[in-house]
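Asker: Take this structure, written in structure tokens, and hold onto it; I'll ask about it next.
Number of protein chains: 2
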Amino acid sequence: MVNPGKRSGRPRAGEERLSREAILTAALRIVDDEGIDALTMRRLAATLQVNPMSLYHHLPNKSAVLAGLAELVFADLTPAEAAVSAEAAVPAEAAVMSWQEQLKESARAYRNGLRAHPNLALQVLADTSAVSGVVVATMEPFYRALDQAGLSPREIFEAANTLIDFIHGFSLGEASVRAETFELAPDLIARVNELPPGKAPTLTRIVGELGETGLAYDFDSGFESGLATVTAGIAARQR
Amino acid sequence: MVNPGKRSGRPRAGEERLSREAILTAALRIVDDEGIDALTMRRLAATLQVNPMSLYHHLPNKSAVLAGLAELVFADLTPAEAAVSAEAAVPAEAAVMSWQEQLKESARAYRNGLRAHPNLALQVLADTSAVSGVVVATMEPFYRALDQAGLSPREIFEAANTLIDFIHGFSLGEASVRAETFELAPDLIARVNELPPGKAPTLTRIVGELGETGLAYDFDSGFESGLATVTAGIAARQR
DNA sequence: ACCTGAACACCGTTCAAGT
DNA sequence: ACCTGAACACCGTTCAAGT
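Respectively, the protein sequence lines represent chains B and X. To convert, note that position 166 of the first sequence is 166 in UniProt numbering; the numbers rise steadily by one, no gaps. To convert, note that position 9 of the second sequence is 9 in UniProt numbering; the numbers rise steadily by one, no gaps.
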């Protein structure tokens, strides 16, 4: 008679049962609202008004929950047109975009997908496991754009990896800042000024000159700059 | 009389005392040998033959231990010549290297530094906090090479960020594989073959063609490829 | 000043028992 | 089949007490 909120035994008829999907949805909510550390099996069970052990009937352990969340994020990240049948997939505007612009658009979408759940980004980037088929489907737009650039299969493969690595590294920094920790770029100036003189002379000089012209760093322009560089590098190697 | 290995009270004269450095060294050993999950305050104290609470006199909490480890890794990563005085720092061979080759060499050294402690890579990349001055000193070789390329301060800043983001993303994938999880590139072929047909047509076709020519992926060549692309991109934007 | 012991408020997970 | 209660073997950390 204690714990009136807790059901016991089999659920009442017509009541929604516990399911892998319901568990993952609740877990994602906790992570989005309170961060990754707030996600514990006991806490998760409590929000579902269920015994902690009930979860283990739908997911084998906690790391399966985390892997499931990573999968959810990548599922959202898979572009809508990929779900449509093969041929009619390319939207009208895509036809008039250069392959460079297509590649950049794909990269922006990928980054935005990772930003949708900042508290989970680290987990997703680290644990690219479990992601099953979902994560590879995510790479389709990159391959499509690079295919139009007339690269060889090997070159497409390597160019896609390079671009994705850049996005991952960038997103890592971006996620770290959101997680209230330090990041290389924005705090750079302050840090450099604290360095012992002579420790990094070129860095000190360049950053000093940057400061004079008034450096306004933001992630969006940083991303665009990197994207332009990587794309130009791919184009340069193509010729 | 129980726990004969445990000292109690003040340490005997002449015996080495507990210190922040001794704690971090022991912690790094545990992480290198048994992985990041094996590092607990209690376990750490046990290997130091000390009460768990003794650690808290030298480090405020566990995350300070992890931050300290990240700092250790970056300290090893700082190039030796940076410690020398400013002017005479550049070694003889550097003078004959092109800025591109200097940049690539710096990138290789940075990657190798991150690989030195694979079990810690994720922590280091995620928690770039705490790294204090150590991490920014790490960027000096990149700035030195880019400065020789004749870029503007702003361009140097952005190019360095882009290259470092690429290395971080690449190292993340590399570390994940060592941590026995899945990574995008090597397992790609197997994964693609399991995709529902029509889900990612270009990807499927390209990877299929890759398989025919016999794809042998390894991280070293993947890194070199990405490095060449990013460097070419920087050079292309320079002109 | 530095170290310790006991205690608090948590964890993830196993296992046997309920309906 | 699905859910539960109690229990096990851990955690990080606070606090008061020892030397």
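Ideal placement from N, C-alpha and C gives every residue a C-beta, glycine not left out. Owing to the predicted nature of the structure, the values given are computational and were not obtained by experimental measurement.
Name the chain X residues whose beta carbon is nearer than 7 Å to that of Ala64/B?
Answerer: Locating residue 64/B in the first sequence gives position 64, counting from the first residue. Going along chain X, no residue has its Cβ under 7 Å from Ala64/B, so there is no contact; the nearest lies around 13 Å.
Asker: Do you know how far the Cα of Glu209/X is from the Cα of Ala70/B?
Answerer: By 1-based counting over the first sequence, the position of residue 70/B is 70. By 1-based counting over the second sequence, the position of residue 209/X is 209. Those two C-alpha atoms are separated by around 29 Å.
Asker: Return the CA-CA distance between Arg205/B and Leu44/B, expressed in angstroms with no decimal places.
Answerer: Looking up residue 205/B in the first sequence gives position 205. Looking up residue 44/B in the first sequence gives position 44. Computed Cα separation, rounded: 51 Å.
Asker: What is the rounded straight-line gap between the Cα of Ile30/B and the Cα of Glu174/B?
Answerer: Taking the first residue of the first sequence as 1, we reach residue 30/B at position 30. Taking the first residue of the first sequence as 1, we reach residue 174/B at position 174. Roughly 21 Å separates the two Cα atoms.
Asker: Any idea if Gln49/B is buried or exposed, counting beta-carbon neighbours within 10 angstroms, 16 or more meaning buried?
Answerer: The count along the first sequence starts at 1 and reaches residue 49/B at position 49. Answer is exposed; the Cβ neighbour count stays below 16.
Asker: So, is the C-beta of Ser176/B closer than 8 Å to a C-beta in chain X?
Answerer: For the purposes of this step, residue 176/B is taken as the residue at position 176 of the first sequence. True, the Cβ-Cβ gap to chain X drops below 8 Å.
Asker: Is the CB-CB distance between Leu146/B and Ile156/B below 8 Å?
Answerer: The residue you call residue 146/B lines up with position 146 of the first sequence. The residue you call residue 156/B lines up with position 156 of the first sequence. Contact flag set, yes.
Asker: For His168/X and chain B, any beta-carbon pair shorter than 8 Å?
Answerer: Translated into positions along the second sequence, residue 168/X becomes position 168. Yes, because at least one Cβ of chain B sits closer than 8 Å to the Cβ of His168/X.
Asker: Verify the CB distance criterion: does Arg111/X have a CB-CB separation below 8 Å to chain B?
Answerer: Position 111 of the second sequence, counting from 1, holds the residue named residue 111/X. Judged by the 8 Å Cβ criterion, Arg111/X is not in contact with chain B.
Asker: Which bits of chain X does Ile36/B rub up against, with CB to CB less than 9 Å?
Answerer: Counting from one through the first sequence, the residue named residue 36/B turns up at place 36. Here the premise fails: no neighbours, minimum Cβ distance about 11 Å.
Asker: Could you compute how far the alpha carbon of Gly35/X sits from the alpha carbon of Ala22/X?
Answerer: For the purposes of this step, residue 35/X is taken as residue 35 along the second sequence, with counting starting at 1. For the purposes of this step, residue 22/X is taken as residue 22 along the second sequence, with counting starting at 1. Rounded to the nearest angstrom, the two C-alpha atoms are 19 Å apart.
Asker: How should Asp165/X be labelled, buried or exposed, when 16 other C-beta atoms within 10 angstroms of its C-beta is the threshold for buried?
Answerer: Here residue 165/X refers to the residue found at position 165 when the second sequence is read from its first residue. Looking at its Cβ environment, which holds 16 or more other Cβ atoms inside 10 Å, Asp165/X is buried.
Asker: Can you say whether Glu194/X is buried or exposed, counting buried as having 16 or more other CB atoms within 10 angstroms of its CB?
Answerer: Position 194 of the second sequence, counted from the start, is the residue given in the question as residue 194/X. Exposed, by the Cβ-count rule.
Asker: In chain order, what residues of the same chain have a beta carbon less than 7 Å from the beta carbon of Met41/B, not counting five sequence neighbours either side?
Answerer: To locate residue 41/B, count along the first sequence from 1; it is residue 41. So the list reads Pro52, Leu55, Lys62, once near-sequence residues are dropped.
Asker: Relative to chain X, which residues along the segment 184-204 of chain B have a C-beta separation below 7 Å, given in chain order?
Answerer: Leu184, Ala185, Leu188, Arg191, Val192, Glu194, Leu195, Gly198, Lys199, Ala200, Pro201, Thr202, Leu203
Asker: Grouping DSSP H, G and I as helix and E and B as strand, with all else coil, what is Gln49/B?
Answerer: The count along the first sequence starts at 1 and reaches residue 49/B at position 49. Here Gln49/B sits in coil by DSSP.
Asker: Hey, how far is the Cα of Ser106/X from the Cα of Glu140/X?
Answerer: As a working note, residue 106/X is residue 106 in the second sequence. As a working note, residue 140/X is residue 140 in the second sequence. Cα to Cα, the separation comes out at about 9 Å.
Asker: Between the alpha carbons of Ala130/B and Ala121/B, how many angstroms are there, rounded?
Answerer: Position 130 of the first sequence, counted from the first residue, corresponds to residue 130/B. Position 121 of the first sequence, counted from the first residue, corresponds to residue 121/B. Note that Ala130/B scores a pLDDT of 44, beneath 50, so its modelled location is shaky; the value from the coordinates is reported in the next line. Taking the straight line joining both Cα atoms gives about 15 Å.
Asker: Taking the runs of the alpha helix (DSSP H) that are 4 residues or longer, which of them lie wholly in the segment 141-193 of chain B?
Answerer: 153-178, 188-193
Asker: Within the 8 Å Cβ cut-off, does Glu105/X reach chain B?
Answerer: The residue labelled residue 105/X in the question sits at position 105 within the second sequence. It does not; no Cβ of chain B falls within 8 Å.
Asker: If we call anything under 8 Å between Cβ atoms a contact, is Ala149/X one with Gln238/X?
Answerer: Position 149 of the second sequence, counted from the start, is the residue given in the question as residue 149/X. Position 238 of the second sequence, counted from the start, is the residue given in the question as residue 238/X. Result yes, Cβ atoms of Ala149/X and Gln238/X sit closer than 8 Å.
Asker: Compare the Cα-Cα distances from Val65/X to each of Asp32/X, Ala27/X, Phe74/X and report the closest residue.
Answerer: Walking along the second sequence from the start, residue 65/X turns up at place 65. Minimum Cα distance to Val65/X is reached at Ala27/X.
Asker: Taking the C-alpha atoms as reference points, what is the distance between Val124/X and Lys104/B?
Answerer: Mapped onto the second sequence, residue 124/X falls at position 124. Mapped onto the first sequence, residue 104/B falls at position 104. Near 29 Å, if we compare the C-alpha coordinates of Lys104/B and Val124/X.
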